[in-house]
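As structure tokens, the structure follows; a few thoughts come after it.
There are 4 protein chains.
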Amino acid sequence: MKQISISETVMFYDTDCGGVVSNIAYLRFVERARSALFGELGMDVESMNESQLFPAVIRTEIDYLFPARLGNVIEVTATLVGVQKVRVTCEFSLVIAAGAGDEKQIAKAKQIVALVQMPSGKPRRTPEEWGSYIEE
Amino acid sequence: MKQISISETVMFYDTDCGGVVSNIAYLRFVERARSALFGELGMDVESMNESQLFPAVIRTEIDYLFPARLGNVIEVTATLVGVQKVRVTCEFSLVIAAGAGDEKQIAKAKQIVALVQMPSGKPRRTPEEWGSYIEE
Amino acid sequence: MKQISISETVMFYDTDCGGVVSNIAYLRFVERARSALFGELGMDVESMNESQLFPAVIRTEIDYLFPARLGNVIEVTATLVGVQKVRVTCEFSLVIAAGAGDEKQIAKAKQIVALVQMPSGKPRRTPEEWGSYIEE
Amino acid sequence: MKQISISETVMFYDTDCGGVVSNIAYLRFVERARSALFGELGMDVESMNESQLFPAVIRTEIDYLFPARLGNVIEVTATLVGVQKVRVTCEFSLVIAAGAGDEKQIAKAKQIVALVQMPSGKPRRTPEEWGSYIEE
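Chains as they are written, first to last, in the working numbering: chain F, 1 to 136; chain R, 1001 to 1136; chain X, 2001 to 2136; chain B, 3001 to 3136.
As structure tokens, then:
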């Protein structure tokens, strides 16, 4: 299984005047975790810059379960859950520490991603070995 | 039916190094349209600032259908499609002009929103009259 | 003189948990006004997308004078104040309506911009006619 | 002397269609470093959330010296360089590794910050001991 976790501290620019993290900012946390996951799969962001082969998000679903606040440390775990010919599916769980070693899930998300060769915009086949990372 | 459209021109800060609009930037376009829709429903952003009664997004789904680019004018249409006791559902269609009066849909989205009284964070009932805006 | 004004309504994503507009969000307002100013000068964002000739900001100064809030309508006036061989200087004034027809200045900014041909990154000369827009 | 460094990897959402990091994204890197510096001074973001005593940026100057790109690791060093009765001055240097142990400065910035008690918006005196961190 391919899975990776990253940690982010909520900054001012992640929050809005409701006093909590903006629904839009969560997508940055998810993107950072997704980039780490693709790094694990052999496609780190630095090499994308050279290859111009980019993972394009074609669908996002996100459920906001509990409000996060300034200074919270959010752990985002990204898991590769599906591999098809020209797209992959990733799931994300976002949690914060809730005292006494407990964790509280604040959001969960799913993204479908296609590999796209820029600047042509042509889709590219998913590397064959990625299929082996999916548990039957 | 409650429906409203807004128009946004894609700025540099909406794009990324793939040469197209970032998946995250679309959520700003959606938020602007949602705020206009809530204005139509009698809850404009300026009054929210006073009342501290905020629409909190509890779920987002978005499908990215076609890449938008710098300078594109995106029309976002927001429609109130569901009203329940403590939440409402909004749908969004994002299109760009495609020449000869044609339009091309670049994304579609759905958000579930709850009314939340800050700073307590308590949910508030949806105004009764909103139900009348839903077509049977 | 080349000068243009645009209007923006403060959205949730522009604010932070201090209850006011984030210092970073002002730079989006400034960028939108700068893009309008370059449009006046014959370089609109849509054509930049084709030409890959971009105005690159090489210096920003911004003074935050008064906090703006959710729902405020911010008028940003951009003025071309200097034209040199490979760079131009723009000034920005951001105001909100303060009742009874009065305006309150909330921020002022200055940016130095160079024209850069991408992807080579080579600087390009400022169009000669731009010099005529500067008042002696 | 109070000084701290943080490290950030450039993500897609930090870049724009010019292929390089957006001038606006640098302000996020600066804010993260500034928050770390205030943490060193005894005001970490988590406690600000409780105290509602926030550092409000009242002026930013930033010079963009060299374009950063997707995947670059940016080291931001923040230094407290001035302490006055109701404001402090911070300087920031942003560098990327340039091979063979060398570093390339990509931007430098200065911010003047005032401590503000929210929601009243009243300025608060700078803690007396901060003055001792400034080298004569």
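Ideal Cβ placement from N, Cα and C applies to all residues, glycine included.
Predicted model, so just to flag it, every value in this text is computed and none were measured.
- The beta-bridge partner set that DSSP reports for Asp3063(B) consists of Arg2059(X), Lys3108(B).
- Relative to Glu1128(R), the option among Ala1056(R), Gln1084(R), Glu1031(R), Ser1051(R) whose CA is nearest is Gln1084(R).
- DSSP, reduced to helix, strand and coil, places Glu3075(B) within a strand of the structure shown.
- Excluding the 5 residues flanking it on each side, Glu1091(R) has same chain C-beta neighbours closer than 6 Å at Thr1079, Val1081, Lys1110, in chain order.
- Assignment of Gly1131(R) by DSSP, reduced to helix, strand and coil, places it in the helix class.
- Distance from the CA of Met3118(B) to the CA of Asn49(F), rounded to the nearest whole angstrom, comes to 42 Å.
- Counting only Cβ-Cβ distances below 9 Å, Leu2027(X) has no contacts in chain F at all, with the closest Cβ about 11 Å away.
- Of the candidates Ser93(F), Ala68(F), Trp130(F), the residue whose Cα lies closest to the Cα of Gly39(F) is Trp130(F).
- The CB of Met2118(X) comes closer than 7 Å to the CB of Gly3018, Gly3019 in chain B, given here in chain order.
- Val1030(R) and Val1076(R) have their C-alpha atoms some 7 Å from each other.
- Think of a sphere of 9 Å around the beta carbon of Arg125(F): no beta carbon from chain B falls inside it, the nearest being about 22 Å out.
- An exposed status is given to Leu1053(R), since fewer than 16 other beta-carbon atoms sit within 10 Å of its beta-carbon.
- Under the three-state reduction of DSSP output, Leu41(F) falls in the coil class, being neither helix nor strand.
- Nearest Cα to Glu1008(R) within the set Gly1121(R), Arg1124(R), Ile1074(R): Ile1074(R).
- For Cys17(F), there is no enclosing beta strand (DSSP E), since its DSSP letter is neither H nor E.
- At a cut-off of 8 Å between beta carbons, Asn1072(R) makes no contact with chain F.
- By the 16-neighbour rule on beta-carbons within 10 angstroms, Met2001(X) is exposed.
- Ile2004(X) and Leu37(F) have their C-alpha atoms some 45 Å from each other.
- Residues of the region 3094 to 3122 of chain B that bring their beta carbon within less than 8 Å of a beta carbon in chain R are absent altogether.
- Not a single CB atom of chain R sits nearer than 8 Å to the CB of Ser2051(X).
- Judged by their CB atoms, Tyr64(F) and Arg1059(R) are nearer to each other than the 8 Å cut-off.
- Comparing alpha carbon positions, the residue from Arg1125(R), Gln1105(R), Leu1041(R) closest to Ala1068(R) is Gln1105(R).
- About 5 Å separates the beta carbon of Thr1015(R) from that of Asp3016(B), a gap short enough to meet the 8 Å contact definition.
- Taking Thr3126(B) as the centre and dropping the five residues before and after it, the same chain places the C-beta of Val3083, Gln3084, Lys3085, Val3086, Arg3087, Val3088, Leu3115 closer than 8 Å to its C-beta, in chain order.
- In chain order, Ile62, Asp63, Leu65, Glu91, Phe92, Ser93, Leu94 place their CB closer than 8 Å to the CB of Lys108(F), counting only its own chain and leaving out the 5 sequence neighbours on each side.
- In this structure, the straight-line span from the alpha carbon of Leu70(F) to that of Asn3023(B) is close to 24 Å.
- Each of Glu1103(R), Val1010(R), Gly1099(R) was checked against the Cα of Asn1072(R), and the nearest Cα belongs to Val1010(R).
- A buried status is given to Ser3035(B), since no fewer than 16 other beta-carbon atoms sit within 10 Å of its beta-carbon.
- Interface residue (Cβ-Cβ distance to chain R less than 8 Å): Phe3012(B) is classified as such.
- Taking every protein chain shown into account, the CB of Ala25(F) has 16 or more other CB atoms within 10 angstroms, so this residue is buried.
- A direct Cα-Cα distance of roughly 57 Å separates Ala3097(B) from Ile1134(R).
- Per DSSP, Ser7(F) is one residue of the beta strand (DSSP E) stretching across 3 to 9.
- Taken through DSSP and simplified to helix, strand or coil, Leu2070(X) comes out as coil.
- Residue state for Arg2087(X) is assigned as coil, using DSSP reduced to three classes.
- Judged by beta-carbon spacing, Gly19(F) lies beyond the 8 Å limit of Ala1056(R), meaning their Cβ atoms are not closer than that value.
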